[in-house]
Amino acid sequence: MALSSTGKEHLYHHLIDRLSDGSLKFFNPHKLNDPRYVKLPLSIRVLLEAAIRSCDGLYVKDKDVESILDWEQQQAKTEVPFLPARVLLQDFTGIPAMVDLAAMRDALIKHGVDPSLVNPKCPTDLIVDHCLQKDFSKCAIQNAPNPGGGEGPSRPPPSSKPLPRGASHCGGQRGSCSKAACSDPPSSAGGPAHTSVQQIENTPLLCPFHLKPVSEAETAVKNQEMELIRNKERLQFFKWCSKAFKNVNVVPPDVGAVHQVNLEYLSRVIHVRGGLIYPDSVLGTDSHTTMINGLGILGWGVGGIESEAVMLGQPVSLTLPQVVGCKLVGSINPLTTSIDVVLGITKHLRQAGIAGKFVEFFGPGVSQLSAPDRTTIANMCPEYNATVSFFPVDRVTIQHFKKTHFSQKQLELLESYLKAVKLFRTYEDAAEDPQFSEVIEINMSSMVPYVSGPKRPQDRMAVCSMKEGFQSCLDEKVGPKGFNISKDKQHIQVPFLHGGQEYQLVHGSVVIAAVISCTNNCNPSVMLTAGLLAKKAVEAGLMVKPYIRTSLAPGSGMVTHYLNASGVLPYFNQLGFEVIGYGCATCVGNIAPLPETVVDAIKQGDLVTCGILSGNRHFEGRLCDCVRANYLASPPLVVAYAIAGTVGIDFEKEPLGVTSDGKELYLRDIWPSREEVREMEEDTVISSIFKELKERMEKENTFWSNIECPESVIFPWDSKSTYIRSPSFFSKLSKEVPPPQSIDNAHALLFLGDKVTTDHISPAGSIARVSAAAKYLLSKRLTPREFNSYGARRGNDAVMTRGTFASIKLQNRLVGKAGPKTVHIPSGQTLDVFEAAERYQRDGVPLVILAGKDYGSGNSRDWVAKGPYLLGVRAVIAESFEKLHKNQLVGMGIMPLQFVPEHNADTLELSGKERFSISLPERLCARQQLTVKTSQGKSFEVTAQFDSDLEVTVFQHGGLLRYVARTML
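Going by my numbering, the sequence shown opens with residue 23, and the numbers climb by one from there.
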């Protein structure tokens, strides 16, 4: 018999089904036999399954299930609850949540209750990734001389036979080698280029010039040491949490960034718990949480208080979202890279006006997108203001998982379950397409590759129009695009000698070609496309002219690793694209001089020659003062134009070169297919990254192991700590719910205007030396250098309360100028906000805040409600609230009160210096109107912004934390 969380028979026990092998049970919404289910978008089906499974009659009710099932009629109208499968925390937001749970244990033990009962009800992953700062760095190889485009004798590619790390050293430490400092000659192991695919984990760290193994850098070790010194208290607390709490998985430092770990290790797609199987879903406190939707896992970002609520078993409330169907059709242009596709789709969605909606992809074109493409698009949600961009699981997703940490048995279980509950898609089958609120169709064949130039990055030109575009630039008068070259001089040819051989330069000749894998070109598929293109070009006998200044500047050592492991790095070398180092070089003009004969030829003919690079910045003359036209292009197009030797080429109609047997070779003949690139990316890059991360997750972390932590069930708070402190949220906690407390003769702590953001309420950056928080830290004998940031000190309520309303941009009408100040009305003194609140609390005076429209907009933060609560704020009276922040206020026991329509502080002629009284009835209701009376004899109506009976209950308990604690008492 299936039981709900209340211990009664589950309301939807009749929907329980078993997989074909009878091993696991699951709630099957398809057994509702309701035709509306198969019409639902798959993202809404995930919400429905969660509501059915979580239905307990208290947090999730039968009417909520019906509302989701009736999505077509209820969308954008009805509030529904959602309990995800897990919560994801990064350490900045995780530490206050865990501090609250530790403090709750203290409160329970005072009432004689077993403190070990306090644990998250929802599985929680906490990734310690935000405490590392870059104190040390080392890179002696950047800006080294460019080896040049094939100058000197031709060299066979070096052997890619893997060597054990540390077996041979090149100049000592990694990063300490320079070309001049190493006497070892390039490897000349004969034979053809070695093309077998190797795994990155077997590839040694390489000297970028000689491809010889080098030792590990000391910088990571030194940064770790500083991390331990700076954050010792926080790390000790996290380690205690990992041992003391059930349902908490702490991922230690030096494993990976939160979104990387979530995407590459924690993502499950399905959960199995207590013999029950259900979809994976996640709410996270990191802005990159939405990436997970690219793998068919529903998830989005929330604030710290919302995440605490879910951890404690309370669902988040959301308006049943509209779902925009994004239909992808058409075939991707062969020359179009993954980045072109991602940015093209992002541009379409940004123009569509889909703020606050779900986006779900469908259509035959989806199958052309790899899993990394999908997660990148999903990660771009903030760019087009969608809540999620959901890609249901299909065969491409399954193929991707085969290269990750999933076993064959897990994949079979995953596919079997998803098909049983209709959460698996065959994008080519239109009969599976659900109904959407609206449909946006994007024809991917319209996404053609572009280059930017010749003088400004914002001037884009389609590659198919490049030849005519460059010609028009020669014709135009001098300006952002034009060079004003007279017609009679546009066809001039200037011969010159280089390396004992004669060449010719013309307008449009390429003299600089730089492949750079930084910013938007760090996607492995783009660099692998360039590498495969170089391989096919070399095999066809094509080469880059030796006078072209070529270079390869990987954004990191990882890029060099996967280029080497995939077997394409030697072909880059043969075309002259040798690794020059790791750092900004060509983009900022750090490039070796062009050969003198080339410079002389350019000057002689007053030629408009070209540089082409895959960076993110270029301006006229920036690469070289004699190179007037500079274009940004994708890495493979840089290789293509370097081989062509000119930008004045139509790749569709003109050959790239001629083979040794006289056959004309077009770019399309050697351009790698998306299938080739995807296979190499999955086999070489993805599988290696996942394997490495899995090993780092599972092996013993010496850094983490050496951190000492207490073994107790109760955390032993250190009164001297300035990072971890027990907050006062549970002071005077009684077993009984107190009656509603009216507000009598409150003063206004602040009188604010419109659009007060969470940055104004709770700054996240550095701690100003003249702030109230700084005064506190100085009193603890810390120097300003040791202040760290508000984010790092979120586990100390004394710091965070003093940091509340500490923004230098706060506009308080009581003061009249920007700054973290207010007027203590009884004395008339202008004080720090904290100091004024402290005086009011000392005198037993309750506080309110007056505000305008959109109070609490911006990024969600846990202390935007906790801070005002500890300052003594009982209510916020505003024209309107940002919904998420309104929920946070309720969650901390602060009343959100909204002026009735047509009324605000100005129409009511409030000065902010009155005293305010608000009488609460014994039985408070959702959306109830209340009367506010002032000491000046005025009264006005406000609406209590409680959206449900549950919110009223949470408020009456004094907030969510006290509510949960009382349920345990």
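Every residue, glycine too, gets a C-beta built ideally from N, C-alpha and C.
Nearest candidate by alpha-carbon position, reference residue i, set the options
{"i": "residue 968", "options": "986, 962, 905, 955", "result": "905"}
{"i": "residue 702", "options": "546, 475, 754", "result": "546"}
{"i": "residue 655", "options": "753, 470, 707", "result": "470"}
{"i": "residue 266", "options": "128, 816, 737", "result": "737"}
{"i": "residue 272", "options": "796, 294, 117, 375", "result": "117"}
{"i": "residue 839", "options": "312, 772, 787", "result": "772"}
{"i": "residue 67", "options": "403, 302, 637, 261", "result": "302"}
{"i": "residue 694", "options": "724, 677, 558, 713", "result": "558"}
{"i": "residue 396", "options": "407, 378, 416", "result": "416"}
{"i": "residue 465", "options": "131, 383, 832", "result": "383"}
{"i": "residue 479", "options": "455, 636, 576, 574", "result": "636"}
{"i": "residue 434", "options": "45, 793, 982, 958", "result": "45"}
{"i": "residue 836", "options": "871, 556, 362, 753", "result": "871"}
{"i": "residue 37", "options": "31, 653, 508, 48", "result": "48"}
{"i": "residue 899", "options": "911, 873, 914", "result": "873"}
{"i": "residue 897", "options": "869, 568, 886", "result": "869"}
Per DSSP, the bridge partner or partners of residue i
{"i": "residue 486", "result": "Note: residue 486 sits in no beta bridge, so no partner."}
{"i": "residue 108", "result": "304"}
{"i": "residue 938", "result": "768, 956"}
{"i": "residue 465", "result": "351"}
{"i": "residue 433", "result": "Paired residue(s): none; residue 433 is not in a bridge."}
{"i": "residue 653", "result": "634"}
{"i": "residue 851", "result": "846"}
{"i": "residue 298", "result": "47, 295"}
{"i": "residue 341", "result": "101"}
{"i": "residue 147", "result": "110, 271"}
{"i": "residue 39", "result": "48"}
Residue range of the beta strand (DSSP E) that includes residue i
{"i": "residue 896", "result": "895 to 900"}
{"i": "residue 747", "result": "Looking at the DSSP string, residue 747 is not in any beta strand (DSSP E), and its letter there is neither H nor E."}
{"i": "residue 293", "result": "292 to 295"}
{"i": "residue 546", "result": "Unbroken run through residue 546 is the alpha helix (DSSP H), 546 to 561; no beta strand (DSSP E)."}
{"i": "residue 520", "result": "516 to 520"}
{"i": "residue 966", "result": "961 to 966"}
{"i": "residue 524", "result": "523 to 527"}
{"i": "residue 381", "result": "380 to 384"}
{"i": "residue 626", "result": "No beta strand (DSSP E) contains residue 626, which is instead part of the alpha helix (DSSP H) from 618 to 627."}
{"i": "residue 411", "result": "410 to 412"}
Neighbour-count burial assignment, residue i, 16 or more Cβ in a 10 Å radius
{"i": "residue 346", "result": "buried"}
{"i": "residue 985", "result": "buried"}
{"i": "residue 235", "result": "The predicted position of residue 235 is uncertain, since its pLDDT is 47 and thus under 50; a value taken from the coordinates is nonetheless stated next. With 16 or more Cβ atoms within 10 Å of its Cβ, residue 235 is classed as buried."}
{"i": "residue 77", "result": "buried"}
{"i": "residue 947", "result": "exposed"}
{"i": "residue 1018", "result": "Nothing can be reported for residue 1018: it is not among the residues displayed for the chain, which extend from 23 to 991."}
{"i": "residue 524", "result": "exposed"}
{"i": "residue 202", "result": "Any reading at residue 202 is ruled out, since the residue's pLDDT is 33, under 50, leaving its predicted position unreliable."}
{"i": "residue 376", "result": "buried"}
{"i": "residue 326", "result": "buried"}
{"i": "residue 541", "result": "Model confidence at residue 541 stands at a pLDDT of 43, short of 50, so the residue's coordinates are unreliable and nothing is read from them."}
{"i": "residue 980", "result": "buried"}
{"i": "residue 199", "result": "Residue placement at residue 199 is poorly supported in this model, since its pLDDT is 39, which falls under 50; the coordinates are not used for a value here."}
{"i": "residue 816", "result": "buried"}
Endpoints, the alpha helix (DSSP H) within which residue i is located
{"i": "residue 873", "result": "That residue, residue 873, is in no alpha helix (DSSP H); it is neither H nor E in DSSP."}
{"i": "residue 403", "result": "403 to 406"}
{"i": "residue 355", "result": "Segment: none, residue 355 is in no alpha helix (DSSP H) and carries neither H nor E."}
{"i": "residue 272", "result": "Segment 270 to 273 is the beta strand (DSSP E) holding residue 272; no alpha helix (DSSP H) there."}
{"i": "residue 594", "result": "591 to 596"}
is_contact[residue i, chain D] using C-beta, thresh 8 angstroms
{"i": "residue 101", "result": "Reference to chain D is not applicable here, since this structure consists of a single protein chain."}
Contact between the region 910 to 930 and the region 870 to 888 (3+ Cβ pairs under 8 angstroms): Here the region 910 to 930 makes contact with the region 870 to 888; the two share three or more CB pairs at distances below 8 angstroms.
Cβ pair count under 8 angstroms reaching 3, the region 617 to 628 against the region 508 to 528: yes
Validate contact between the region 589 to 602 and the region 552 to 571 using beta carbons, cut 8 angstroms, 3 pairs: For the pair of segments examined, the region 589 to 602 was found to touch the region 552 to 571: the number of CB pairs separated by less than 8 angstroms reaches three.
The region 925 to 940 contacting the region 61 to 77, beta-carbon criterion three pairs below 8 angstroms: no
Touch test, the region 277 to 294 against the region 846 to 855, Cβ-Cβ under 8 angstroms, three pairs minimum: no
The region 255 to 262 in contact with the region 737 to 750 per 3-pair CB rule at 8 angstroms: yes
The region 360 to 377 contacting the region 389 to 404, beta-carbon criterion three pairs below 8 angstroms: yes
Cβ contact (3+ pairs, closer than 8 angstroms) linking the region 889 to 897 and the region 790 to 808: Taking one beta carbon from each stretch, the region 889 to 897 and the region 790 to 808 have fewer than 3 pairs nearer than 8 angstroms; the two do not touch.
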